[in-house]
Amino acid sequence: MMINLNLKNKLIKFTESLNIFCYGFTECRRFIELKQYFNSKIDKLYLTEFEDKDVEKRINPFFYFEDGKTIISIAVPYFRKDNEYNKCFSKYTQGLDYHYVVNDYLNKICDFIRNFGYECKSFCDTNNLPERYIAYLCGVGHIGRNSLLYTKKYGSYVFLGEIITNANLCDSFSQEYYDNKFKEIGVFEHCGKCRNCMKKCPNDVLVEKNFNKCVSNLTQKKVLDSDEINNLNGMIFGCDICQDVCPKNRNVEYSFEERFNTEEFLKNIKDNDIVNMNNKFFKDNFKKLSCSWRGKNLLKRNVIIKNKEDINFIKSLNFDNNEHLNYYKNRFFNKKN
């Protein structure tokens with residue numbers, strides 16, 4: 262099928278007019294080369310609670326849009342200069358919830374495509390497709406040893422979004438081509454001999470490739486066992502270690518997107534403020550951040566764990582009849598007595 266070069270060229274100009282310069286196109290197809298990889302993760306019990314066990318949903322974009330011809334990937338940078346204020350919250354969650362921002366760009370691009378008579382559907386964390394792999398196939402960037410997608414301009418400090426459209430905007434290739442593209446990831450050509458992320462990861466996640474142990478995932482997990490409680494590494498939400506130690510992230514450009522500026526309340530917030538916050542404080546402040554999606558009690562729990570060695574802090578906690586939070590309070594209080 263012929264590529265619609267007229268639409269593609271106009272779409273490129275429009276996308277860049279939005280300040281989005283990290284984007285690309287790949288054909289809409291089943292990612293057969295990933296099937297064994299996902300099945301292996303399931304067999305090893307390496308799937309996190311946030312991942313779908315249905316492999317077909319992971320590799321088949323037609324599950325989401327039957328008439329898809331092309332997948333468009335965009336990367337929106339989030340790292341702002343003031344994201345260094347609060348080290349206990351990952352950079353990506355200090356500004357406005359990225360779902361609002363990325364979807365804003367995706368919706369504008371979709372509207373542009375629809376004006377040419379084509380259909381499309383956009384995604385930002387709303388499907389189970391391998392967004393980093395898709396971005397890699399689109400030429401948006403490469404995948405590093407820490408499994409993150411790296412762009413030349415912004416490093417790995419980017420959010421990804423996808424659009425599936427029935428417009429034909431790219432070439433087709435053989436399955437052998439894609440098999441080789443997948444194998445090339447494991448060479449980590451851009452990383453060279455660097456192992457900084459593997460050495461600095463506090464839970465050795467990148468050695469086993471078991472992301473159930475990832476600090477970022479643990480801070481978002483509803484139920485933690487004893488080992489997991491001890492592996493939060495002082496974080497309240499997320500983790501940036503494997504990105505911050507990466508040479509590829511040195512001297513990257515800051516994001517142009519002001520909506521990712523650190524929210525003022527987060528710059529000077531104390532642990533006591535979080536652990537004692539009521540519904541109104543949570544709604545007025547945290548609700549606009551992506552770290553709010555698990556609710557206020559998860560943030561409170563992580564603060565309790567962060568201060569588990571401070572007996573005075575633990576004794577001062579008062580959660581009335583909140584069984585979940587009192588469990589953690591009593592666990593650490595009894596351990597100290």
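For the sequence shown, the residue numbers in the numbering used here are 262 to 598. Quick reminder that beta carbons are idealized off the backbone N, C-alpha and C, glycines included.
query	result
Any idea what DSSP makes of Y284, helix, strand or coil?	strand
Within 10 angstroms of its Cβ, does Y397 collect 16 or more other Cβ (buried), or is it exposed?	buried
So, at 6 Å on beta carbons, what are the nonlocal neighbours of Y599 in its own chain, with the 5 sequence-adjacent residues on each side left out?	No answer is possible for residue 599: the residues shown for the chain start at 262 and end at 598.
Would you call the CB atoms of L527 and Q297 closer than 7 Å?	no
Quick check on the DSSP output: the beta strand (DSSP E) that includes L421 runs from which residue to which?	419-426
Taking the Cβ atom as the reference point for each residue, do C381 and T426 lie within a distance shorter than 7 Å?	yes
Output yes or no for whether 7 Å exceeds the beta carbon distance between Y339 and Y418.	yes
Which residues in the same chain as Y515 place their Cβ atom closer than 7 Å to its Cβ, once the five residues preceding and following it in sequence are excluded?	F340, R341, K342
Do you know offhand how far L493's Cα is from W554's?	18 Å
Give me the Cα-Cα distance between S408 and D581, rounded to the nearest whole angstrom.	42 Å
Whose C-alpha, out of F377, A336, F593, is nearest the C-alpha of F384?	A336
Alpha carbon to alpha carbon, how far is K352 from E525? Give it in angstroms, no decimals.	14 Å
If you count every other CB in all the chains shown that lies within 10 Å of the CB of Q504, and 16 or more means buried, which is it?	buried
Starting from T276, follow the alpha helix (DSSP H) in both directions and report where the run begins and ends.	266-278
Which residues in the same chain have their Cβ closer than 6 Å to the Cβ of N388, if we skip the five residues on either side of it in sequence?	Y325
So, E423 versus S334, is the Cβ gap smaller than 7 Å?	yes
Measure the CB-CB distance between Y415 and K509 and report whether it falls below 7 Å.	no
Could you tell me the distance, in whole angstroms, from the CA atom of Y589 to the CA atom of D440?	47 Å
Using three-state DSSP, classify H403 as helix, strand or coil.	strand
What are the complete beta strand (DSSP E) segments, minimum 3 residues, inside the segment 322-348?	331-338
Quick check on this structure: which residue in K548, K544, G499 has the alpha carbon closest to the alpha carbon of N563?	G499
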